[in-house]
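One structure is given here, and the rest of the page talks about it.
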Amino acid sequence: MKILSIVGSPRVNGNTRFLAQTFCDSARSTGCEVEEVILNQKKIHGCIHCDACLEAGVCSIKDDQEEIIEKMRAADGFVLSSPVYCFSVTAQMKAFLDRTYSMCRPKWVTGVEGKPVFFIVGSGAPVKQDPNYVLHHSLTFETMFRIARAAKLAQGSVLLKVAIDPMAPFDATSDTLRILYQVSSILGLEPVGYIAAESLGHDRDAVRNHRPEDVQNAAASGAKFAFVGGMMKAKAFL
Ligand SMILES: Cc1cc2nc3c(=O)[nH]c(=O)nc-3n(C[C@H](O)[C@H](O)[C@H](O)COP(=O)(O)O)c2cc1C
């Protein structure tokens, strides 16, 4: 089985890639072939919505995305990994995902249908562990500028507004996974699992040095993915 690992983190020595590599090393040890694409080392322009792909079935922009799509069609399974950046995938991953749009055209045949995909997401903020997460997180990232501005106008009532902000209750890691899941589904891929490593802060070595359970999980998941992917390739479930 041929696995394509598409890495959305620009930190090549960071947590997300470390988990993806652990996953892939484990799959490789069961006999899989693995290729890695580090999106930050590729030239991938953002989609310009020219709609040329609607009829042509190929993108009008000529850059490294073309070669990645070829690799995807040749692969049997995928690992998509990204840290959470501003509640979402990284810009590198988003550009790549947007540009897979052309694969669906013109007849919604992508050439990757039915192939398994696994997601790996790393995030800095604590989520499930911290009951005050929503407030901390939204204060830290989303509303601090709003607070700073509003505080000049109406001191005292600002924090209450933040607390009742209908946009506040979210879970950035789940939202990021959901994006990977939704785009994969549109491409016809079969999402089979994910790892969400939360509370990593900004320490690029957090997983390597302090999270043996995440490392074990990634290794175990790689081996399982190889097994399940092999069965799917052989259509053994049909
Ligand atoms: C620009 C930027 C935005 C970020 N936004 C978030 C965020 O919205 N939520 C969060 O939990 N962590 C956020 N982080 C933290 C990263 O997700 C975290 O450090 C992650 O472990 C980085 O993965 P890496 O080690 O693979 O680079 C952000 C980091 C950067 C650089």
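If you want the numbering used here, it's the position in the sequence shown, counting the first as 1, plus 642.
All C-beta atoms in this analysis are idealised placements derived from N, C-alpha and C, irrespective of residue type, glycine included.
Worksheet entry | Presumed contact (8 Å Cβ cut-off) between V721 and I648, rounded CB distance | About 7 Å separates the two Cβ atoms, so the contact holds.
Discussion item. If you follow the beta strand (DSSP E) that K644 is in, where does it begin and where does it stop?
Written reply: 644 to 649
Worksheet item: Who does P758 pair with in a DSSP beta bridge?
Response: E832
Worksheet entry | Host beta strand (DSSP E) of F729 (start-end) | For F729, no beta strand (DSSP E) segment is defined, and its DSSP state is neither H nor E.
Worksheet entry | Identity of the residue in E708, F738, V726, E832 nearest V754 by Cα | Minimum Cα distance to V754 is reached at E832.
Worksheet item: Does the region 726 to 736 come close enough to the region 693 to 701 to have 3 or more Cβ pairs within less than 8 Å?
Response: No, because fewer than three Cβ pairs between the region 726 to 736 and the region 693 to 701 fall closer than 8 Å, the two stretches do not touch.
Worksheet entry | C689 versus V676: straight-line alpha-carbon distance, rounded | Rounded to the nearest angstrom, the gap between the Cα atoms of C689 and V676 is 28 Å.
Practice prompt. Specify, as a first and last residue, the run of the alpha helix (DSSP H) that V870 falls within.
Written response: 854 to 875
Item to complete: Mind the definition here: the region 744 to 761 touches the region 861 to 874 only if three or more C-beta pairs lie below 8 Å; say whether that holds.
Response: When C-beta atoms of the region 744 to 761 are compared with those of the region 861 to 874, three or more pairs fall below 8 Å, so the two segments count as touching.
Discussion item. What does the alpha-carbon distance come out to for the pair T815 and T672?
Written reply: 30 Å
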